[in-house]
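In the working numbering, the protein residues as written are 0 to 164.
#1: Taking all protein chains shown into account, do 16 or more other C-beta atoms lie within 10 angstroms of the C-beta of residue 83, making it buried, or fewer, making it exposed?
#2: Would you check if the distance between the CB atom of residue 50 and the CB atom of residue 29 is smaller than 8 angstroms?
#3: Per DSSP, what are the beta-bridge partners of residue 147 in this structure?
#4: Identify whether residue 48 lies in helix, strand or coil by the three-state DSSP scheme.
#5: Roughly how many whole angstroms lie between the Cα atoms of residue 10 and residue 22?
#6: Could you tell me which of 139, 137, 1, 41 sits nearest to residue 15, measuring between CA atoms?
#7: Could you check which residue in 17, 154, 61, 110 has the C-alpha nearest to that of residue 69?
#8: Report the CB separation of residue 93 from residue 59 in whole angstroms; it is logged as a contact under 8 angstroms.
#9: If I measure Cβ to Cβ from residue 89 and keep anything under 8 angstroms in the same chain, skipping five residues before and after, which residues do I get?
#10: Would you please state the rounded distance, in angstroms, between the beta carbons of residue 156 and residue 100? I believe it to be under 8 angstroms.
#11: Assuming contact is defined by CB atoms lying nearer than 8 angstroms, are residue 53 and residue 76 in contact in what I supplied?
#12: With distances taken between CB atoms, is the gap from residue 7 to residue 45 smaller than 8 angstroms?
And the structure:
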């Protein structure tokens, strides 16, 4: 989720007073922290919402950009997450996330290790799975740029895609 809200507050500053940034988290504690950080930063064009990334509490075609920082790998239904991102994006809207990309040959021991789940490794999609999931959700112009190794069987990556006009 949006956690303490730092990425959301930075996004709000970037879109300026005529825009709005939404943060989404499923825990009351993180929402409370995010709202406290918002107040301290003096940023008004932000709204923090309670919910899950598999069911984003926003109307269809209501946002221009969806960002996420290493959260999708934690979801049990990644295809639904990608469909939800596509649903809330306007035509031409952009999807820009960082996440972990699993090597195609990641072993089952790693996939089933709870420590690797909490470390954002075990639930990671492969490049092919991410590309297929995005395409299946309706995205185009899909780009995945692996940036550095975070595990002997996974890399960090920047994932970008666009909704058709």
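All residues carry an ideal CB built from backbone N, CA and C; glycine is no exception. Remember, it's a predicted structure, so these values are computed and weren't measured experimentally.
The structure says:
#1: That one is buried.
#2: No; because the gap between Cβ atoms is not below 8 angstroms, this pair is not in contact.
#3: Beta-bridge partners assigned by DSSP to residue 147: 155.
#4: Correct three-state label for residue 48: strand.
#5: Looking at the backbone, the Cα of residue 10 and that of residue 22 are separated by about 10 angstroms.
#6: The shortest C-alpha separation from residue 15 is found at 41.
#7: Nearest option by C-alpha distance: 154.
#8: About 16 angstroms; that fails the 8 angstroms criterion.
#9: Listed in chain order, the non-local C-beta contacts of residue 89 below 8 angstroms within the same chain comprise 60, 61, 62, 63, 162, local neighbours out to five positions each way being set aside.
#10: Sure, about 4 angstroms apart at Cβ, within 8 angstroms.
#11: Going by C-beta atoms, residue 53 is nearer than 8 angstroms to residue 76.
#12: Yes, Cβ-Cβ distance for residue 7 and residue 45 is below 8 angstroms.
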